[in-house]
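Undergrad: This structure is in structure tokens; I'll ask about it shortly.
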Amino acid sequence: MHDEIKKLLKNEKILSQDVINQIGNIDADEFSAIVKDLGKKETQHIKASEISKEQSTTYIGEKLYVYDEVGSTNTIAKFLSMQDDENGTVIISEKQTKGKGRTGKDWESPLGGIWLSIIIKPDADQSKLPLITLATGVAVAKALEKIGVENPEIKWPNDIMINGRKVCGILTESVSKLDKIENVIIGVGIDANIESSQLPDELQKITTTIKDELGRECDENLLIRIFLEEFEQINELFNHENYEKILKEWRKRSYSIGKKVEVRKPFDTPFDAYVIGINEEGTLIVEKFDGTLEKVISGECIIKN
Ligand code: BTN
């Protein structure tokens, strides 16, 4: 049974009850127990003992599942989040075979990167979801600063950039009931100890890696530990509705504000505009060339020169 589930974890982007049924007659609880059991304490690069050393967080990463290879950590996290007691659970994998990016894109996840997902269960309305995503971007940027990366910036909504190239992407997925957030899965992918040359050609022009930027490998476990600490702190700001402080930290590191962009909203014709800032809900405000202001809640902003 373990082997079949292992195979499934590597190959699936979506874990539904139907998929689980394919491997036999087990229910979701039993399946979760096996999934957790397959999560190790150590892989070649990722060591739970290093990450939780000094016990610097209280609930984020209290439960930590580390895998050699899975399809997508977000998929596993989404599945485990259906259980009540998983607030703060972290899933990490050394490699992903079906890594998911924003807007339905695939996410390249070779060995050497940091591929993790955090489950949180905030007591907040769905309208506050963008702020969680922005907060995660701030936590990544602060963690990078602490390991010696100079001037990491955040491109709206949450790409982390170094010298104008993307080093980290964040994919937030959520389940809400009657406008109340039930579960949030925050997937973070950091191109850490990868050489850009390992990435596909089309990515090499627009991405960078921590190894390339620092000129040496970074300590992945230390970076994960610092990130989880930063994340817990900023998540507490969120839980205490201290939204203005999160926004201030985001604005301080913004790569987007003041830039000319092409706005691509879902189901809308793209248009050019200048980025003015973000409002208190975490929505991007842009000014079109005719002077009208427009809110951008989701979609992409391509920076133009
Ligand atoms: C983006 O497109 O910028 C978001 C990329 C998010 C990638 C991370 S890696 C860990 C987690 N698991 C996934 O399948 N995706 C996210």
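Going by the numbering used here, the letters in the sequence shown line up with residues 210 to 514, in that order. Here a beta-carbon is modelled for each residue, glycine too, at the ideal position from N, C-alpha and C. Values in this document were obtained by computation on a predicted structure and should not be read as measured data.
Does the segment 323-342 come close enough to the segment 470-480 to have 3 or more Cβ pairs within less than 8 Å?
TA: As far as the Cβ criterion goes, the segment 323-342 does not touch the segment 470-480, which means the pair count is below three.
Undergrad: Round the Cβ separation of Ser244 and Ile285 to the nearest angstrom and send it over; I've been treating them as touching at under 8 Å.
TA: As a working note, residue 244 is residue 35 in the sequence shown. As a working note, residue 285 is residue 76 in the sequence shown. Looking at the sequence provided, one finds Val at residue 244 rather than Ser. Yes, they are in contact, since the Cβ atoms of Val244 and Ile285 sit about 6 Å apart, within 8 Å.
Undergrad: Given this structure, state the Cα-to-Cα distance separating Ile512 from Ile363, to the nearest angstrom.
TA: Numbered from 1 along the sequence shown, position 303 holds the residue referred to as residue 512. Numbered from 1 along the sequence shown, position 154 holds the residue referred to as residue 363. Straight-line Cα distance between these residues: approximately 13 Å.
Undergrad: Let me know if Gly373 comes out buried or exposed under the rule of 16 or more other beta-carbons within 10 Å of its beta-carbon.
TA: Working through the sequence shown from its first residue, we reach residue 373 at position 164. It is exposed - the Cβ of Gly373 has fewer than 16 other Cβ atoms within 10 Å.
Undergrad: Tell me the DSSP secondary structure of Val358 in three-state form.
TA: Along the sequence shown, read from residue 1 onward, the residue named residue 358 stands at position 149. If DSSP states are grouped into helix, strand and coil, Val358 belongs with coil.
Undergrad: Just to confirm before moving on: does the CB-CB distance between Ile300 and Tyr274 stay below 8 Å?
TA: Indexing the sequence shown from 1 puts residue 300 at position 91. Indexing the sequence shown from 1 puts residue 274 at position 65. Against a cut-off of 8 Å, the Cβ pair of Tyr274 and Ile300 comes out as a contact.
Undergrad: So, using beta-carbon positions, are Glu426 and Asn402 closer together than 8 Å?
TA: Along the sequence shown, read from residue 1 onward, the residue named residue 426 stands at position 217. Along the sequence shown, read from residue 1 onward, the residue named residue 402 stands at position 193. Yes, the Cβ-Cβ distance between Glu426 and Asn402 is below 8 Å.
Undergrad: Given a cut-off of 8 Å on the beta-carbon distance, is the pair Lys250 and Ile394 in contact?
TA: Stepping through the sequence shown from its first residue, residue 250 is reached at position 41. Stepping through the sequence shown from its first residue, residue 394 is reached at position 185. Not closer than 8 Å, so no.
Undergrad: Go through its chain and collect everything with a Cβ distance to Ser385's Cβ below 7 Å, but skip five positions before and after it.
TA: Position 176 of the sequence shown, counted from the first residue, corresponds to residue 385. If we look at Ser385 and ignore the five residues flanking it on each side, its Cβ neighbours are Gln335, Glu391.
Undergrad: Inspect the beta-carbon positions of Ile443 and Ala344 and report whether they are closer than 8 Å.
TA: Mapped onto the sequence shown, residue 443 falls at position 234. Mapped onto the sequence shown, residue 344 falls at position 135. In contact: Ile443 and Ala344 (Cβ atoms closer than 8 Å).
Undergrad: Buried or exposed for Gly428, please, with buried defined as at least 16 other CB atoms from any protein chain shown within 10 angstroms of its CB.
TA: As a first step, residue 428 is located in the sequence shown; it is residue number 219 there, counting from the start. It should be noted that the sequence gives Asp, not Gly, for residue 428. Exposed, because fewer than 16 other Cβ atoms sit within 10 Å of the Cβ of Asp428.
Undergrad: If you scan the segment 410-488 from start to end, which runs of the alpha helix (DSSP H) of 4 or more residues do you find wholly inside it?
TA: With a minimum length of 4 residues, the continuous alpha helix (DSSP H) runs that stay inside the segment 410-488 are 410-413, 419-423, 429-448, 452-461.
Undergrad: The ligand FAD heavy atoms versus the CB of Gly308: any closer than 7 Å?
TA: Judged by which ligands are present, the ligand FAD is missing from the structure shown, whose ligands are the ligand BTN.
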